[in-house]
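Numbering (the working numbering), first residue to last: 8 to 65. Cβ atoms here follow ideal geometry from the backbone N, Cα and C, with glycine treated the same way.
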């Protein structure tokens, strides 16, 4: 009779991670910051583009 298979741990890549901060905690901190920075930069680019277009029209 076959035993139920235990779930295997995820295969670790060659990179070593710091033991104090797991990858999911690192991503939980980095991803919102990166998305916020991209949103701010994109907003700035749009505003500068609109001001530039208005400057060309007048």
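Which same chain residues end up closer than 6 Å to residue i when comparing Cβ atoms and leaving out the 5 residues on each side of it in sequence?
i	result
residue 58	none
Near residue i, which residues of its chain fall below 8 Å by C-beta distance, leaving aside the five closest residues on each side in sequence?
i	result
residue 44	none
Unbroken stretches of the alpha helix (DSSP H), 4 residues or longer, contained in the segment 25-64: 30-64
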